Amino acid sequence: TLYSFTLDSPSISGGYSVIQQVLDFAPASQTLKNRHGGPGVVTVLQGEATITIDGVEKTYKVGDSFSLTTSQTMQAFNRGTNELLVAASFLLPDGAQLTTNV
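Take 18 as the starting number for the sequence shown in the working numbering and just add one per residue.
Given below as structure tokens:
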């Protein structure tokens, strides 16, 4: 096992999908501010991610993970000179949109 992160069981009733993505960010790129439709876990696989969650900024290195809830607004930045690669997994309730820009 290279990286492991445990998230307490979120309360989700009804049907849902498990969405897993590997996302790559070019140097000096960023996302728009956004929210996710279900709880999630993100792990940095390569590079460094600067993440702002509800106005609080933190930098994550390879192997670091963080969790997100539906009430949080987040934005991701690659402020480095190398590609940033993250794995993101979300529990998405039926009918919910994965990402909504705010």
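Ideal placement from N, C-alpha and C gives every residue a C-beta, glycine not left out. Fair warning: this is a prediction, and the values are worked out from it, not measured in the lab.
Evaluate residue i with the Cβ neighbour count: other Cβ atoms within 10 Å of its Cβ, from every protein chain shown; 16 or more gives buried, anything less gives exposed.
i: tyrosine 77; result: buried
i: alanine 93; result: buried
i: proline 56; result: buried
Pull the bridge partners of residue i from the DSSP assignment, please.
i: tyrosine 77; result: Ala66
i: isoleucine 36; result: Phe107
i: glycine 72; result: Bridge partners of glycine 72: none, in fact.
Ignore the nearest five residues each way along the sequence and tell me which others in residue i's own chain have a CB closer than 7 Å to its CB.
i: valine 103; result: Leu40, Val59, Thr60, Val61, Leu62 and Ala66
Using only the alpha-carbon positions, how far apart do residue i and residue j sit?
i: glutamate 74; j: tyrosine 33; result: 30 Å
i: leucine 108; j: valine 35; result: 5 Å
i: proline 110; j: isoleucine 68; result: 24 Å
Using a Cβ-Cβ cutoff of less than 6 Å, which residues in the same chain neighbour residue i once the five nearest sequence positions on both sides are dropped?
i: serine 84; result: Leu24 and Val58
Sufficient close CB pairs (3 or more, under 8 Å) joining the region 102-116 to the region 42-61: Judged by pairs of C-beta atoms under 8 Å, the region 102-116 touches the region 42-61, as three or more such pairs exist.
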